[in-house]
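Just below is one structure, and these are the notes that go with it.
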Amino acid sequence: MTGFDIFAIAVVVLIILTLFAGVKTVPQGYDWTIERFGKFTRTLSPGLNLIIPYFDRVGRKVNVMEQVINIPEQEVITKDNATVTVDGVAFYQVFDAAKASYEVSDLTQAIVVLTMTNIRSVMGAMDLDQVLSHRDEINERLLRVVDAAVSPWGLKVNRIEIKDIVPPADLVEAMGRQMKAERVKRADILQAEGQRQSEILRAEGAKQGQILQAEGRREAAFFDAQARERAAEAEAKATEMVSNAIASGDVAALNYFIADKYIKAFGQIADSPNQKIIMLPIEAMGVLGSLAGIGEIAKATFGDSATAAQAAKRGSVPNVGPVPTTPQR
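Yeah, the sequence shown ends on 329 if you go by our numbering, and it's all consecutive.
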């Protein structure tokens, strides 16, 4: 092999290496920066790209996908001088590879330090109760402040989340006692409210019951008064009829009226639960004689058959014979 052949092979190899050096394939999700003699010129997007060999070179390979950074734990003093331990995460994405490469030295460290500083600023202006209960508000304020701060670096912070907020152990114990006391207070209030409602309902029920009983007694008294009034009217009418009969000379009607009252009185005595033996006085013979007179009046007026039917209806005997002179028992 002559020297010319060796030179030709060297030239071919150099041409092949030059072609390979001028062709760049950028993977999806990355942007490459191109530097010419150390100065940034342009950015290569994903896909096949051509550069000038020996003059241009790849500067930074920047990941433009969304990335997450863990924010380490740090102690934060709240507005009411309570010390809590806080950590979190931040999600960001590069939208300008040139700024992210040349505007800040260590991008990840810059984001972490900036986020930690703003966590102390935001949470330090809040009370402990607000820090523990307004986590969404804290995240929103942090996102707004940090995103505005990293915008010149070609970044977009999409989300910042506080993971854990850990107060001191003695403070947690005190908060537990406070929560327990508050729950006991609520339970007592609810129990008292339930008892009050129960008492009110029972009182309303008793009131309605008394009203209904009073109305029942009023209606019963009204009907009793009507019954007594009608009985008095009937009694007055019967007395008037007897008085008219006496005025017309009918003594038998008076005997009937007196005998009826007398027999009813004996019936009430017989119905008494404590009465076992009934002693009839001698005057009862006169009553029986009056009954005989009543039977004669009925017989004379309606005849034998009507007298018998009337006597059977009243439970009396129309014709009464001689009666003994000794008392009956």
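Note that the Cβ used here is the ideal one computed from N, Cα and C, for glycine as well. From a predicted model like this one, the values you see are computed outputs, not experimental measurements.
Q.
Among the candidates S101, L201, V122, whose CA atom is the shortest distance from the CA of V145?
A. Translated into positions along the sequence shown, residue 145 becomes position 145. Comparing Cα-Cα distances from V145 to each of S101, L201, V122, the minimum goes to V122.
Q. When you compare only the Cα positions, how much space is there between D330 and S101?
A. The structure shown does not extend to residue 330, since the chain spans only 1 to 329, so no value can be given for it.
Q | Whole-angstrom distance between T78 and A192, CA atom to CA atom | A | To locate residue 192, count along the sequence shown from 1; it is residue 192. To locate residue 78, count along the sequence shown from 1; it is residue 78. So the two alpha carbons sit approximately 38 Å from each other.
Q | Pair within 7 Å by beta-carbon distance, G29 and L50 | A | The residue labelled residue 29 in the question sits at position 29 within the sequence shown. The residue labelled residue 50 in the question sits at position 50 within the sequence shown. The answer is no: Cβ separation not under 7 Å.
Q: Output the boundary residues of the beta strand (DSSP E) element that contains Y30.
A: On the sequence shown, position 30 is the one that residue 30 refers to. Element bounds for Y30: 30-36.
**Q.** Reduced DSSP category for E66 - H, G, I as helix; E, B as strand; rest coil
**A.** Sequence index remark: in the sequence shown, residue 66 carries index 66 (1-based). Three-state DSSP puts E66 in coil, outside helix and strand.
Q) What residue does the alpha helix (DSSP H) around E137 start on, and which one ends it? A) If you number the sequence shown from 1, residue 137 lands on position 137. Its alpha helix (DSSP H) spans residues 135-150.
Q | N-terminal and C-terminal residue of the beta strand (DSSP E) that G88 is part of | A | Walking along the sequence shown from the start, residue 88 turns up at place 88. Residues 83-94.
Q: If I'm right that V184 touches R120 with Cβ under 8 Å, what's the distance once you round it to whole angstroms?
A: What you label residue 184 is simply residue 184 of the sequence shown in a count that begins at 1. What you label residue 120 is simply residue 120 of the sequence shown in a count that begins at 1. At roughly 37 Å, the Cβ-Cβ gap does not stay under 8 Å, so V184 and R120 are not in contact.
**Q.** Status (buried if at least 16 other CB within 10 Å, exposed otherwise) for D31
**A.** Walking along the sequence shown from the start, residue 31 turns up at place 31. The residue is buried, with at least 16 neighbouring Cβ atoms inside 10 Å.
Q.
Can you look up A298 in the DSSP assignment and give me helix, strand or coil?
A. As a working mapping, residue 298 is identified with position 298 in the sequence shown. Caution applies to A298, whose pLDDT of 47 falls short of 50 and renders its modelled position unreliable; the value that the coordinates give is listed next. Helix.
Q: Taking Y92 and Q67 to be in contact with their CB atoms under 8 Å, please state how far apart those CB atoms are, rounded to whole angstroms.
A: Here residue 92 refers to the residue found at position 92 when the sequence shown is read from its first residue. Here residue 67 refers to the residue found at position 67 when the sequence shown is read from its first residue. The Cβ separation is near 6 Å, so the contact holds.
Q: Taking 7 Å as the cut-off, decide whether the C-beta atoms of G88 and I200 are in contact.
A: By one-based count along the sequence shown, residue 88 stands at place 88. By one-based count along the sequence shown, residue 200 stands at place 200. Not a contact, by the Cβ cut-off of 7 Å.
(Q) Using a 10 Å radius around the Cβ and a threshold of 16 neighbouring Cβ atoms, would you call F302 buried or exposed? (A) Sequence index remark: in the sequence shown, residue 302 carries index 302 (1-based). Reliability of the predicted coordinates at F302 is poor, the pLDDT of 45 falling under 50, and the value obtained from them is presented with this limitation in mind. By the 10 Å Cβ count, F302 comes out exposed.
**Q.** Test item: CB-CB of G59 and T85 under 7 Å
**A.** Counted from its first residue, the sequence shown places residue 59 at position 59. Counted from its first residue, the sequence shown places residue 85 at position 85. It is not a contact, given that the beta carbons lie outside the stated cut-off.
(Q) I'd like the list of long-range same chain contacts for T18, defined as Cβ closer than 7 Å, with 5 residues on each side in sequence excluded. (A) Counted from its first residue, the sequence shown places residue 18 at position 18. Hits under 7 Å: P53.
Q | At least three beta-carbon pairs within less than 8 Å, the segment 102-119 to the segment 127-145 | A | yes
Q. Going by alpha carbons, who is nearest to S105 out of V150, A125, L142?
A. Translated into positions along the sequence shown, residue 105 becomes position 105. When each option's Cα is compared against that of S105, the closest is V150.
Q) I69 to T108, Cα distance in whole Å? A) For the purposes of this step, residue 69 is taken as the residue at position 69 of the sequence shown. For the purposes of this step, residue 108 is taken as the residue at position 108 of the sequence shown. Roughly 8 Å between the two C-alpha positions.
(Q) Classify L14: buried if its beta carbon has 16 or more other beta carbons within 10 angstroms, exposed otherwise. (A) As a first step, residue 14 must be located in the sequence shown, where it is residue number 14. Per the 10 Å Cβ criterion, exposed.
Q: Write down the C-beta distance between G154 and V94 rounded to the nearest angstrom, noting that I regard them as a contact closer than 8 Å.
A: Counting from one through the sequence shown, the residue named residue 154 turns up at place 154. Counting from one through the sequence shown, the residue named residue 94 turns up at place 94. Indeed, because the Cβ distance is near 6 Å, the residues count as touching under 8 Å.
**Q.** Cα-Cα separation between V11 and N63, rounded to whole angstroms
**A.** For the purposes of this step, residue 11 is taken as the residue at position 11 of the sequence shown. For the purposes of this step, residue 63 is taken as the residue at position 63 of the sequence shown. Cα-Cα distance, rounded: 37 Å.
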